[in-house]
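First up is the structure itself, then whatever we jot down about it.
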Amino acid sequence: MAETRSRTGRTQQERSEATTAELLAAARELFASDGYAATSLDAIASAAGVTKGALYHHFESKRDVFRAVYVAEQGRLAEVEARAYRGEDDPWEGFYAACRAFLEASLDPRVQQITIIDAPGALGPDAMLETEADAVAMTKDGLRHAMEAGSIPSRPVDPLAHLVFGALCQAATTIARSKDPKSELRGILAELRRMLDALAAAPAERARG
650 MAETRSRTGR TQQERSEATT AELLAAAREL FASDGYAATS LDAIASAAGV
700 TKGALYHHFE SKRDVFRAVY VAEQGRLAEV EARAYRGEDD PWEGFYAACR
750 AFLEASLDPR VQQITIIDAP GALGPDAMLE TEADAVAMTK DGLRHAMEAG
800 SIPSRPVDPL AHLVFGALCQ AATTIARSKD PKSELRGILA ELRRMLDALA
850 AAPAERARG
(Lines of atoms letter the chains of each structure in order from A and count residues from 1; the text may use other names and numbers.)
(Lines give C-alpha, C1' and ligand atoms only; values in the text may rest on other atoms or scores of the structure.)
Protein backbone atom coordinates (compact mmCIF):
# COMPACT_ATOMS: atom_id res chain seq x y z
CA MET A 1 0.00 0.00 0.00
CA ALA A 2 1.34 3.39 -0.93
CA GLU A 3 2.24 5.58 2.02
CA THR A 4 -0.37 8.21 2.72
CA ARG A 5 0.68 11.78 2.02
CA SER A 6 -0.31 14.77 4.14
CA ARG A 7 -1.84 17.93 2.80
CA THR A 8 1.66 19.29 2.29
CA GLY A 9 2.44 16.36 0.02
CA ARG A 10 5.00 14.76 2.37
CA THR A 11 4.87 11.16 3.54
CA GLN A 12 5.20 10.22 7.20
CA GLN A 13 8.76 9.06 6.52
CA GLU A 14 9.63 12.36 4.88
CA ARG A 15 8.21 14.29 7.83
CA SER A 16 10.14 12.08 10.23
CA GLU A 17 13.37 12.63 8.31
CA ALA A 18 12.75 16.39 8.26
CA THR A 19 12.23 16.44 12.03
CA THR A 20 15.40 14.44 12.57
CA ALA A 21 17.34 16.87 10.40
CA GLU A 22 15.93 19.85 12.33
CA LEU A 23 16.84 18.25 15.66
CA LEU A 24 20.39 17.50 14.52
CA ALA A 25 20.87 21.01 13.14
CA ALA A 26 19.67 22.53 16.41
CA ALA A 27 21.75 20.11 18.47
CA ARG A 28 24.90 20.84 16.47
CA GLU A 29 24.59 24.56 17.10
CA LEU A 30 24.01 24.06 20.82
CA PHE A 31 26.75 21.46 21.28
CA ALA A 32 29.16 23.68 19.34
CA SER A 33 28.37 26.85 21.27
CA ASP A 34 27.60 25.58 24.77
CA GLY A 35 29.32 22.20 24.89
CA TYR A 36 27.90 18.75 25.56
CA ALA A 37 27.59 19.01 29.33
CA ALA A 38 25.74 22.34 29.28
CA THR A 39 23.29 21.35 26.55
CA SER A 40 19.97 19.85 27.62
CA LEU A 41 17.42 17.88 25.65
CA ASP A 42 14.87 20.55 26.52
CA ALA A 43 17.07 23.18 24.86
CA ILE A 44 17.53 21.02 21.75
CA ALA A 45 13.80 20.37 21.42
CA SER A 46 12.98 24.05 21.92
CA ALA A 47 15.58 25.17 19.36
CA ALA A 48 14.21 22.66 16.85
CA GLY A 49 10.63 23.76 17.49
CA VAL A 50 9.42 20.33 18.63
CA THR A 51 8.27 18.82 21.91
CA LYS A 52 10.61 16.80 24.09
CA GLY A 53 8.34 13.83 23.43
CA ALA A 54 8.93 14.23 19.71
CA LEU A 55 12.67 14.27 20.35
CA TYR A 56 12.43 11.01 22.28
CA HIS A 57 10.59 9.52 19.32
CA HIS A 58 13.82 9.91 17.31
CA PHE A 59 16.56 9.63 19.94
CA GLU A 60 16.84 7.68 23.18
CA SER A 61 19.13 10.07 25.05
CA LYS A 62 21.37 13.11 24.83
CA ARG A 63 24.30 10.78 24.15
CA ASP A 64 22.34 9.32 21.24
CA VAL A 65 21.75 12.80 19.84
CA PHE A 66 25.41 13.70 20.24
CA ARG A 67 26.52 10.50 18.54
CA ALA A 68 24.36 11.36 15.52
CA VAL A 69 25.79 14.90 15.46
CA TYR A 70 29.32 13.53 15.72
CA VAL A 71 28.76 11.07 12.87
CA ALA A 72 27.37 13.88 10.73
CA GLU A 73 30.38 16.03 11.60
CA GLN A 74 32.69 13.22 10.54
CA GLY A 75 30.76 13.05 7.28
CA ARG A 76 31.27 16.78 6.68
CA LEU A 77 34.99 16.43 7.33
CA ALA A 78 35.15 13.49 4.93
CA GLU A 79 33.55 15.62 2.21
CA VAL A 80 36.12 18.37 2.79
CA GLU A 81 38.94 15.84 2.56
CA ALA A 82 37.49 14.20 -0.56
CA ARG A 83 37.25 17.54 -2.38
CA ALA A 84 40.85 18.33 -1.52
CA TYR A 85 41.96 14.89 -2.69
CA ARG A 86 40.15 15.19 -6.01
CA GLY A 87 41.80 18.57 -6.61
CA GLU A 88 45.19 16.90 -7.19
CA ASP A 89 46.22 14.73 -10.13
CA ASP A 90 48.84 12.74 -8.23
CA PRO A 91 47.36 10.40 -5.59
CA TRP A 92 50.13 11.17 -3.09
CA GLU A 93 49.69 14.92 -3.48
CA GLY A 94 45.96 14.30 -3.12
CA PHE A 95 46.61 12.39 0.10
CA TYR A 96 48.62 15.32 1.50
CA ALA A 97 45.92 17.77 0.40
CA ALA A 98 43.26 15.71 2.19
CA CYS A 99 45.34 15.56 5.38
CA ARG A 100 45.91 19.29 5.19
CA ALA A 101 42.20 19.96 4.68
CA PHE A 102 41.39 17.88 7.78
CA LEU A 103 43.87 19.81 9.90
CA GLU A 104 42.71 23.17 8.57
CA ALA A 105 39.16 22.22 9.53
CA SER A 106 40.47 21.82 13.08
CA LEU A 107 40.74 25.61 13.27
CA ASP A 108 36.93 25.84 13.33
CA PRO A 109 35.85 26.22 16.98
CA ARG A 110 32.64 24.29 16.25
CA VAL A 111 34.61 21.32 14.92
CA GLN A 112 36.95 21.55 17.89
CA GLN A 113 34.14 21.57 20.45
CA ILE A 114 32.26 18.62 18.98
CA THR A 115 34.94 16.30 17.63
CA ILE A 116 37.94 17.05 19.85
CA ILE A 117 36.80 18.49 23.19
CA ASP A 118 33.50 16.71 23.84
CA ALA A 119 33.45 13.52 21.78
CA PRO A 120 35.94 11.45 23.81
CA GLY A 121 34.08 12.00 27.08
CA ALA A 122 30.57 11.92 25.65
CA LEU A 123 31.02 8.79 23.54
CA GLY A 124 33.86 6.83 25.11
CA PRO A 125 36.74 5.02 23.35
CA ASP A 126 34.76 2.10 21.91
CA ALA A 127 32.15 4.32 20.28
CA MET A 128 34.88 6.65 19.01
CA LEU A 129 36.64 3.76 17.28
CA GLU A 130 33.37 2.61 15.75
CA THR A 131 32.37 6.02 14.44
CA GLU A 132 35.88 6.70 13.07
CA ALA A 133 35.96 3.47 11.04
CA ASP A 134 35.04 5.27 7.81
CA ALA A 135 37.79 7.85 8.32
CA VAL A 136 40.37 5.11 8.83
CA ALA A 137 39.07 3.36 5.71
CA MET A 138 39.53 6.58 3.72
CA THR A 139 43.10 6.80 4.98
CA LYS A 140 43.74 3.22 3.86
CA ASP A 141 42.25 3.90 0.44
CA GLY A 142 44.41 7.00 -0.04
CA LEU A 143 47.58 5.12 0.87
CA ARG A 144 46.62 2.14 -1.29
CA HIS A 145 45.96 4.32 -4.34
CA ALA A 146 49.31 6.06 -3.87
CA MET A 147 51.06 2.70 -3.73
CA GLU A 148 49.24 1.43 -6.81
CA ALA A 149 50.24 4.58 -8.69
CA GLY A 150 53.87 4.12 -7.68
CA SER A 151 53.89 7.41 -5.75
CA ILE A 152 55.13 5.64 -2.62
CA PRO A 153 56.73 2.21 -2.16
CA SER A 154 54.38 -0.68 -1.43
CA ARG A 155 54.16 -1.71 2.21
CA PRO A 156 51.46 -3.11 4.56
CA VAL A 157 48.61 -0.59 4.40
CA ASP A 158 46.75 -1.26 7.65
CA PRO A 159 49.48 -0.43 10.21
CA LEU A 160 50.61 2.61 8.24
CA ALA A 161 47.03 3.91 7.96
CA HIS A 162 46.47 3.62 11.70
CA LEU A 163 49.75 5.39 12.44
CA VAL A 164 49.01 8.24 10.04
CA PHE A 165 45.41 8.60 11.20
CA GLY A 166 46.46 8.60 14.85
CA ALA A 167 49.09 11.25 14.15
CA LEU A 168 46.53 13.44 12.37
CA CYS A 169 44.04 13.15 15.24
CA GLN A 170 46.71 14.06 17.79
CA ALA A 171 47.81 16.97 15.61
CA ALA A 172 44.21 18.21 15.41
CA THR A 173 43.97 18.04 19.20
CA THR A 174 47.22 19.97 19.55
CA ILE A 175 45.93 22.66 17.20
CA ALA A 176 42.65 22.95 19.10
CA ARG A 177 44.38 23.36 22.46
CA SER A 178 47.06 25.77 21.26
CA LYS A 179 47.08 29.42 22.31
CA ASP A 180 48.01 30.24 18.71
CA PRO A 181 46.19 27.64 16.55
CA LYS A 182 47.16 29.16 13.20
CA SER A 183 50.86 29.17 14.07
CA GLU A 184 50.56 25.63 15.42
CA LEU A 185 48.89 24.55 12.17
CA ARG A 186 51.71 26.00 10.06
CA GLY A 187 54.32 24.09 12.04
CA ILE A 188 52.36 20.85 11.91
CA LEU A 189 51.77 21.13 8.16
CA ALA A 190 55.49 21.64 7.58
CA GLU A 191 56.28 18.48 9.55
CA LEU A 192 53.47 16.58 7.84
CA ARG A 193 55.01 17.46 4.47
CA ARG A 194 58.42 16.21 5.63
CA MET A 195 56.92 13.03 7.06
CA LEU A 196 55.03 12.18 3.89
CA ASP A 197 58.05 13.02 1.72
CA ALA A 198 60.11 10.62 3.85
CA LEU A 199 57.51 7.88 3.39
CA ALA A 200 57.62 8.38 -0.36
CA ALA A 201 61.41 8.28 -0.45
CA ALA A 202 61.87 5.31 1.91
CA PRO A 203 62.39 1.80 0.49
CA ALA A 204 59.64 -0.74 0.90
CA GLU A 205 59.57 -2.22 4.38
CA ARG A 206 61.26 -5.54 4.94
CA ALA A 207 59.93 -7.84 7.61
CA ARG A 208 62.17 -8.17 10.67
CA GLY A 209 62.35 -11.06 13.05
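If you want my numbering, it's the position in the sequence shown, counting the first as 1, plus 649. C-beta: ideal position from N, C-alpha, C; glycine also.
For the set A754, L812, D683 and C748, the Cα lying nearest the Cα of E722 is the one of A754. Nearest in C-alpha terms to M844, of all of A821, L812, K828 and P830, is L812. With fewer than 16 other Cβ atoms inside 10 Å of its own Cβ, R826 counts as exposed.
Taking 8 Å as the cut-off, the beta carbon of D757 is found no closer than this to the beta carbon of G684.
For T688, the secondary structure class from DSSP, reduced to helix, strand or coil, is coil. By the CB criterion at 8 Å, Y719 and T669 fall outside the cutoff. Residues P740 of the same chain have their beta carbon placed closer than 6 Å to that of A798, with the five preceding and five following residues left out of the count. Sixteen is the threshold: since fewer than 16 other Cβ atoms of the shown chains lie within 10 Å of the Cβ of E709, the residue is exposed. When the beta-carbon positions are compared, V714 and A776 stay at least 8 Å from each other.
For the pair of segments examined, the region 780–791 was found not to touch the region 693–700: the number of CB pairs separated by less than 8 Å stays below three. Taking 8 Å as the cut-off, the Cβ atoms of R759 and A681 count as close.
Apart from sequence neighbours up to five positions away, the residues of its chain that approach L809 with a beta-carbon distance below 7 Å are L792, ordered along the chain.
Partner residues in a beta bridge of T780, as assigned by DSSP, do not exist. Around the beta carbon of Y705, fewer than 16 other beta carbons sit within 10 angstroms, so the residue counts as exposed.
Linking A816 to P802 through their CA atoms gives a straight-line distance of about 20 Å. Judged by DSSP in its simplified three-state form, T700 adopts coil rather than helix or strand. Taken atom to atom, the span from the alpha-carbon of L838 to that of A795 is near 19 Å.
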